[in-house]
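Below is one structure, written out as structure tokens; the observations come after it.
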Amino acid sequence: MPVSAYDLTGRTAFVTGAAGGIGRACALLLAEAGASVHCADRDAAGLDETAALVEKRGGAARVHRLDVTDRDRLRQAMASCERLDALAAVAGIMHRSTVLETRDEDLDRVLAVNFKGVLYACQEAARRMLAEGTAGSIVTMASGAVDTGGPGLLCYGAAKAAVVQLTKTLATELGGHGIRVNAVAPGWTRTPMTTRDDAAAQTRTEAAMARLSPLGRVGEPEDVAHAVLYLASDASCFTTGQILRPNGGVAMPW
Ligand SMILES: NC(=O)c1ccc[n+]([C@@H]2O[C@H](COP(=O)([O-])OP(=O)(O)OC[C@H]3O[C@@H](n4cnc5c(N)ncnc54)[C@H](O)[C@@H]3O)[C@@H](O)[C@H]2O)c1
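Under my numbering, the first residue of the sequence shown carries the number -5, and numbering increases by one thereafter.
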């Protein structure tokens, strides 16, 4: 497969969670590969920073300030795209509470953002691709939490497991239309989500996470963005319904 299979020139990608962390890295890399990127997030200042970075590197970006739990806003934003070839549904939140301490409102909030927010984006993107006959690619953001249990990760892990199920189901439903659907399940990645105010505690956490990996380091947002670029591009044209794991080898499922 020639390197040009990664070329997204003339294509349009919609990225949620694009105001920072992994979503921003995805927007930057997809733009670098030639895509016109639409960046969606609830954080207006972060969105503007992302768009400025894309444009500084010679790319084209438009921003949409929205909450991914608002299906109508997602539909409007996608309708304003000139075309839609790829979705990266990256927006998400972290929540930690033990099973015994978990409240209904915690579970509802995490499922609303991390599962329904992804579901709505997938539904709206798929409708647009189907209506226009686009052989598009949908990429969802799961987590290494789907491979391992962990104290406090009930709400987060359950939502990410639901994202995996959504991904596999949608892949079977859309494959006949030439639309591919895959998930990325990153390991521990250095982003605002994983950054603590306490620098010493941060260093200890990163060292502990790095020791879990055969590669001896934690992930960077760009590590995940490269997986998203692969799945969004023709380089992965025979890949659908899969979970790609940029996790440093921390988990090695069959
Ligand atoms: N960082 C990691 O170690 C890690 C590991 C596995 C999976 N992930 C997943 O990757 C994705 C990105 O995580 P990150 O580490 O870059 O986090 P992050 O907190 O740095 O970025 C998340 C982005 O999502 C946006 N967002 C959150 N809720 C939103 C909402 N309701 N509507 C619109 N935007 C919203 C935030 O404003 C932020 O810009 C998440 O889905 C996360 O669960 C992260």
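Glycine is no exception: its CB is placed at the ideal position from the N, C-alpha and C atoms. Every value quoted in this text rests on a predicted model; they were computed, and no experiment measured them.
- Taken from the Cβ of residue 60, at least one heavy atom of ligand 1 lies inside 8 Å.
- Minimum Cα-Cα distance from residue 72 among the listed residues 32, 42, 85 and 83 corresponds to 32.
- Shown here, residue 33 sits in a strand according to DSSP, grouped into three states.
- Here residue 248 is exposed, its C-beta having fewer than 16 other C-beta atoms within 10 Å.
- Residue 106 and residue 63 have their alpha carbons spaced roughly 6 Å apart.
- Set against 8 Å, the gap from the CB of residue 247 to the closest heavy atom of ligand 1 is not smaller.
- Taking the CA atoms as reference points, residue 189 sits about 11 Å from residue 182.
- Per DSSP, reduced to three states, the secondary structure at residue 56 is strand.
- Annotated as proximal: residue 108 and residue 87, with beta-carbon spacing under 9 Å.
- In summary, residue 154 is buried, with 16 or more beta-carbon neighbours lying within 10 Å of its beta-carbon over all protein chains present.
- If you draw a straight line from the Cα of residue 56 to the Cα of residue 75, it comes to about 9 Å.
- Of the candidates 231, 238 and 68, 238 places its Cα closest to the Cα of residue 219.
- Looking at the DSSP output, residue 213 shares a beta bridge with 183.
- DSSP places residue 123 inside the alpha helix (DSSP H), whose first and last residues are 111 to 126.
- Residue pairing by DSSP places residue 176 opposite 133 in a beta bridge.
- One thing to note: residue 28 has its Cβ no nearer than 9 Å to the Cβ of residue 11.
- Under the three-state reduction of DSSP, residue 84 is assigned to coil, being neither helix nor strand.
- Placement of the Cβ of residue 208 at a distance of 8 Å or more from every heavy atom of ligand 1 is found.
- For residue 9, there is no enclosing alpha helix (DSSP H); the residue is part of the beta strand (DSSP E) that begins and ends at 6 to 10.
- DSSP lists 91 as the bridge partner or partners of residue 147.
- In this structure, the alpha-carbon of residue 144 lies about 12 Å from that of residue 152.
- Cβ-Cβ distances below 7 Å link residue 47 to 22 in the same chain, with the five nearest sequence neighbours on each side left out; the list follows chain order.
- Counting the other Cβ atoms within 10 Å of the Cβ of residue 6 gives 16 or more, which makes it buried.
- Placement of the Cβ of residue 36 at a distance of less than 8 Å from at least one heavy atom of ligand 1 is found.
- Here the region 96 to 105 does not lie against the region 204 to 217, with fewer than 3 beta-carbon pairs under 8 Å apart.
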